[in-house]
Every structure is written in structure tokens, then in C-alpha cells.
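What follows is a set of notes on a single structure, which appears directly below.
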Amino acid sequence: MFDEVLNIISVNLWSIIASLLNLLIIFLIIFFVLYKPVKKMLKERQKTIEDSYERASEAEAEANASKEAYEKKLEDAKDEADDIIKSAVVTAKAREKEIIDSAKEESEQIVNQAKENAQLEMKKAQATIKGEIVDVSTKLTKKLLEREINEKDHADLIDSFIDEIGEE
Amino acid sequence: MNKNNKKSVGFILLDIFYITMAILPLGVGILLKLISTPPSDGGVTISGARVFWHIDISSSNFLDIFITEAQINSVLVIITILFVCLFLTHGLKQKIWLKRQHLAEIIIEKVDSMVADNMGEPFKAFPPFIIAIMALSAFSSLITLLGLFPPTSDINIVGGWAILVFIIITYYKMKCGLGYYIGGFMKPVFILAPINAIGEFATPVSMAFRHYGNVMSGAVISVLVSYFLGQFSTLLFGDGAISVFQVGLPAILSLYFDIFSGCLQAFIFAMLTMLNISTAFDADEYERRKKKKLEKKPKR
Numbered sequence: 001m002f003d004e005v006l007n008i009i010s011v012n013l014w015s016i017i018a019s020l021l022n023l024l025i026i027f028l029i030i031f032f033v034l035y036k037p038v039k040k041m042l043k044e045r046q047k048t049i050e051d052s053y054e055r056a057s058e059a060e061a062e063a064n065a066s067k068e069a070y071e072k073k074l075e076d077a078k079d080e081a082d083d084i085i086k087s088a089v090v091t092a093k094a095r096e097k098e099i100i101d102s103a104k105e106e107s108e109q110i111v112n113q114a115k116e117n118a119q120l121e122m123k124k125a126q127a128t129i130k131g132e133i134v135d136v137s138t139k140l141t142k143k144l145l146e147r148e149i150n151e152k153d154h155a156d157l158i159d160s161f162i163d164e165i166g167e168e
Numbered sequence: 169m170n171k172n173n174k175k176s177v178g179f180i181l182l183d184i185f186y187i188t189m190a191i192l193p194l195g196v197g198i199l200l201k202l203i204s205t206p207p208s209d210g211g212v213t214i215s216g217a218r219v220f221w222h223i224d225i226s227s228s229n230f231l232d233i234f235i236t237e238a239q240i241n242s243v244l245v246i247i248t249i250l251f252v253c254l255f256l257t258h259g260l261k262q263k264i265w266l267k268r269q270h271l272a273e274i275i276i277e278k279v280d281s282m283v284a285d286n287m288g289e290p291f292k293a294f295p296p297f298i299i300a301i302m303a304l305s306a307f308s309s310l311i312t313l314l315g316l317f318p319p320t321s322d323i324n325i326v327g328g329w330a331i332l333v334f335i336i337i338t339y340y341k342m343k344c345g346l347g348y349y350i351g352g353f354m355k356p357v358f359i360l361a362p363i364n365a366i367g368e369f370a371t372p373v374s375m376a377f378r379h380y381g382n383v384m385s386g387a388v389i390s391v392l393v394s395y396f397l398g399q400f401s402t403l404l405f406g407d408g409a410i411s412v413f414q415v416g417l418p419a420i421l422s423l424y425f426d427i428f429s430g431c432l433q434a435f436i437f438a439m440l441t442m443l444n445i446s447t448a449f450d451a452d453e454y455e456r457r458k459k460k461k462l463e464k465k466p467k468r
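Protein chains in written order, with the working numbering: chain C, 1 to 168; chain X, 169 to 468.
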């Protein structure tokens, strides 16, 4: 059936063209089926890796920024605390002075009051003592003289006498 | 393996389909070979491809249309390569989860770096072509392992590839202008033009014959050694005895001529293609001309 066999070297135009086309077909197959998808995948992978690197550096920068902000905040807080303490000390001192001043004032008032009271008391006592002295001297003179005198004249007399004494 | 990496049933079925379709053509080739080969008469016959269909157009064999074993096997190899490629790129993902993806990536990265080393920047688009040459040549030669006729031992097949390479070479030489191309033949003296022209045509011829000769000679030596060993055992043990000497040695020869030489020739053919194309292109001259053109343009 298939008895015909080519010579070991037999050049044939159509065979050459056919094999040339075969190579082109294989090229197309390799390009579209193997090369292109793998290249595309490799490119995508490259992109993914670069993206993740970028994201990592971004995240690092963000973390650094937030760390800085945090530290700054911490410092601010410390400063604020110092301020608060300082102002508290100032207020406390002011308040202390105020309290002391008011205490002094009050004490002076109290002392003055006491002095006034004492004077008042003294005047009262003087008045009382004067009356008693009048009474006593009246009784005494009554007894001494054993005679009825006008009580009123007598009191006037002693009063004027005591006044004279007081004025001296 | 975690849950994401589990193959679905459809995936496995498609895999099986691809593998079957890659093996099927080779089976068809073997079947065809069994049907078409007439019983041998025991002698040594070294011949070209078997002809399946011969259309007479003219008196010369050059213009007749032959459908030969070599062409059928070429087509079968193409189908096999197509499905091997489909199999390799099936389930391609950024995160590798199939072993075959390593192979696909290795092939492409190796050839990419090879092209970058040997050809340079202007030939970035060449890796697929180089892979195509390598794959076609290697598969065509390795097909002998199945007892099929290797298309590479037909001068027409390899000649076709070489002519395609020659066309590409000439295209790159003409990129700097036709005058520059023809002037290239006159270097260093214009008397050498015929020799330069011969040298130009020698490139594809030498490429074709190198590949063809290597594969063919391997086949011839294998047949000769095998025949000689058969005769030797007949001489010692008489006619009809089992030829014990045919066991072993032909296998080692096949290891060299079929596997090693087949792959090596594919590599050499691809290498020569790269070198010839890259040396054909005068990049500096091309850049100079491009700059000139750009300078001229604004005046218009």
C-alpha cells in the first residue's frame, strides 16, 4: 500500500513551505498559550510584590508619624502638668497669704472689740462702784451722824465729791 | 496542602483531557507506522520518509506534492506541544500551587535570560520564537524514542526552519535600508561581493545540514550497529537464533543519538538562530538613521 519511500536526501518545495509554516504555527502556539500567560502572571506577581512593599513602607511611615505625634503629645501633657502644678502652687500661695491676712485682720478686730468691751466694762464698773460708794458712804454717814438728813442732798454732795475725785 | 489548593473535579478532568490529547497524537503516529510499514526483508535499508500520498504535478520530484511520514509526524508533534503548553499553563496563579508552574516559569525565565545575553535589547520579542524552535526541534528528534520517524532527519523540514531564520536575518539586515544592505556585500572590497553572497546563503544551508546530518547520521549509525550485531550473533549461533548482542548496546547508542543529540541539536539550532540574527542587525547604524530621520521631520 505505502510502498513509496523518499530518497535519503530529496528536496521538495512544498515540504519546505509546510515546515516553515509549521514553525510559524508553533511560534504562535508558544506565544499565545505558553509565553503570554506566564509573562502576564509574572508581571502581575511583580506588581503585587511592589505594591506590598509600597504598602509596607507606607505603613512604616504612618507608624513613625503616629509615634512622633504620640511622643509630642506626651511631652505636651508633661508640660501641661508642670504648668498646672506651678499655677496651683501660685494659687495656693496667694490663698495662703489671703488666709493669713484675713486671719490677722480678724484677730485685730477681735482685739479691738475686746479693748472696747473692756473699756465699756470698765465704765460700767466705775458707774457701779460709784453708786455703791454713794450707797455705802450714805449708810456710813447715816450711821455715823445718826441723824436724818435729806437723802437727796446727801447723794448730790457725795456725787460731786466723787466727781471731784474722779477729775483729779 | 490547605483547602484553597485543592483541585476541583473539573480541573482534574481538564488536566486528564490535556494529557490524553498530548499523548493521543503519538499513539496515532505509532499506529500509522505499524500499518504502513511493510514487513522487512532483513537487509539494511536506509531511506527517507515514507510517502503516504503522492500527487504528480510535474516530472520532477521538487514540485510534486508529497504527504510523508515526516510531515504527518510534524503535525502530530505540533498537536502534542499545543496540549503540553495548555497543560503547563493550566491553573497558573501568582502563588505557585502546582509543580508544573515551576517548569513553565523556568523555561520562560531561562530562555528570556538567554535571549537577553546573546541578542540584547532590540530583540526582546524573540524568546517565544526561540522556545518554539527548541520545542519543535527537540520534540521532533525525541519522537524516535517511540520508534517514529523523526521529522528532523528530513532535510525539507529542517530546511524550512532554516529558511525562516534566513528570512528574519535578511529582514534585520534590511532594517538599515536597502542600500546599506547591498553595500554590506561590497565590504571590504567590492570584488568580494560574490563570496559574500555565497556566505550569506551558506548560513541557512549550514544550519539545515548541521541539524539534519546529526539526526540522520545518528539513525544510520544505530541501524548499522544493530544490523552488524544481528549478523554477528547469526555468525556465532547460526541462523534463527536470538540475537543476544542486539540487547544493550543499541540502547546505549540510542541514549546518545536520540536523547542527548536530539536535545543538543535543538539547543545548537536555537543558539545559532539567536547569534545569526543578532549579528545581522547593525544596532548603531540603525540608531544613527533613526536620529537622522527625527532631525529631518520637523523641517517639513
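Built from N, CA and C at the ideal position, the CB exists for glycine as well.
CA-CA distance, Lys460/X and Tyr340/X?
Within the second sequence, residue 460/X is the residue found at index 292, counting from 1. Within the second sequence, residue 340/X is the residue found at index 172, counting from 1. The straight-line gap from Cα to Cα measures roughly 19 Å.
Taking Ala217/X as the query, report the chain D residues whose CB atoms sit under 7 Å from its CB, ordered along the chain.
This model lacks chain D altogether; the protein chains it does include are C and X.
For the segment 63-99 of chain C, list the beta strand (DSSP E) runs that are entirely contained and at least 3 residues long, ordered along the chain.
none
Determine the chain X residues that contact Arg45/C at a beta-carbon separation under 7 Å, and present them in chain order.
Taking the first residue of the first sequence as position 1, residue 45/C is located at position 45. Result: Gln262.
Own chain, CB closer than 8 Å to Ala63/C, minus 5 neighbours either side, in chain order
Counting from one through the first sequence, the residue named residue 63/C turns up at place 63. Contacts found: none.
Chain X partners of Tyr35/C, CB-CB under 8 Å?
Within the first sequence, the letter at position 35 stands for residue 35/C. Within 8 Å Cβ-Cβ: Ile276, Pro295, Pro296 and Ile299.
Cut-off 8 Å between Cβ atoms - residues of its own chain near Arg218/X, not counting five sequence neighbours on either side:
For the purposes of this step, residue 218/X is identified with residue 50 of the second sequence, where counting begins at 1. The answer, listed in chain order, is Ser204, Thr205, Thr236, Glu237 and Phe317.
Assuming Leu443/X and Asn286/X make a contact with CB atoms under 8 Å, what is their CB distance in whole Å?
The sequence position of residue 443/X within the second sequence is 275, counting from 1. The sequence position of residue 286/X within the second sequence is 118, counting from 1. That belief holds up - the Cβ atoms of Leu443/X and Asn286/X are roughly 6 Å apart, short of 8 Å.
Ser411/X and Thr402/X look like a contact to me (Cβ under 8 Å); what is the Cβ gap, rounded to whole Å?
Position 243 of the second sequence, counted from the first residue, corresponds to residue 411/X. Position 234 of the second sequence, counted from the first residue, corresponds to residue 402/X. So it is a contact: roughly 7 Å between Cβ atoms.
Taking only the alpha-carbon atoms, compute the straight-line gap between Ile233/X and Ile223/X and give it to the nearest angstrom.
Here residue 233/X is taken as the residue at index 65 of the second sequence, counted from 1. Here residue 223/X is taken as the residue at index 55 of the second sequence, counted from 1. Near 5 Å, if we compare the C-alpha coordinates of Ile223/X and Ile233/X.
Counting only the same chain and skipping the five closest in sequence on each side, list residues whose C-beta sits under 8 Å from that of Phe179/X.
Counting from 1 along the second sequence, the entry for residue 179/X is found at position 11. Same-chain partners within the cutoff: His258 and Gly259.
Buried or exposed by the 16-neighbour rule on C-beta atoms within 10 Å, applied to Thr188/X:
Mapped onto the second sequence, residue 188/X falls at position 20. Exposed, because fewer than 16 other Cβ atoms sit within 10 Å of the Cβ of Thr188/X.
Rounded straight-line distance, which links the Cα of Ser215/X to that of Gly381/X
Reading the second sequence from its first residue, position 213 is the one you call residue 381/X. Reading the second sequence from its first residue, position 47 is the one you call residue 215/X. Between Gly381/X and Ser215/X, the C-alpha separation is close to 14 Å.
Beta-carbon proximity list for Ile8/C, same chain, < 6 Å, skipping 5 on both sides:
If you number the first sequence from 1, residue 8/C lands on position 8. No residues qualify anywhere along the chain.
Whether Gln433/X touches Ser227/X by CB criterion (8 Å):
As a position in the second sequence, residue 433/X is number 265, starting the count at 1. As a position in the second sequence, residue 227/X is number 59, starting the count at 1. For Gln433/X and Ser227/X, no; Cβs fall outside 8 Å.
With 8 Å set as the bound, which would you pick, yes or no: does the beta-carbon of Pro372/X sit closer than that to a beta-carbon of chain C?
One-based indexing of the second sequence puts residue 372/X at position 204. With 8 Å as the cut-off, Pro372/X does not count as an interface residue toward chain C.
With 16 other CB atoms within 10 Å as the buried threshold, where does Thr248/X fall?
The count along the second sequence starts at 1 and reaches residue 248/X at position 80. When all chains shown are included, Thr248/X counts as buried.
Rounded to whole angstroms, what is the Cα-Cα separation between Pro207/X and Leu250/X?
Walking along the second sequence from the start, residue 207/X turns up at place 39. Walking along the second sequence from the start, residue 250/X turns up at place 82. If I take the Cα positions, the gap works out to 34 Å.
Out of Arg457/X, Arg378/X and Phe307/X, point me to the one whose CA is closest to Ala190/X's CA.
Start at 1 with the first residue of the second sequence, and residue 190/X comes out as number 22. Checking every option, the nearest Cα to that of Ala190/X belongs to Phe307/X.
Note down, in chain order, all residues in the segment 59-92 of chain C with a beta-carbon under 7 Å from any beta-carbon belonging to chain X.
none
Is Ile26/C near Ala303/X, with beta carbons less than 8 Å apart?
For this step, residue 26/C is matched to residue 26 along the first sequence. For this step, residue 303/X is matched to residue 135 along the second sequence. Result yes, Cβ atoms of Ile26/C and Ala303/X sit closer than 8 Å.
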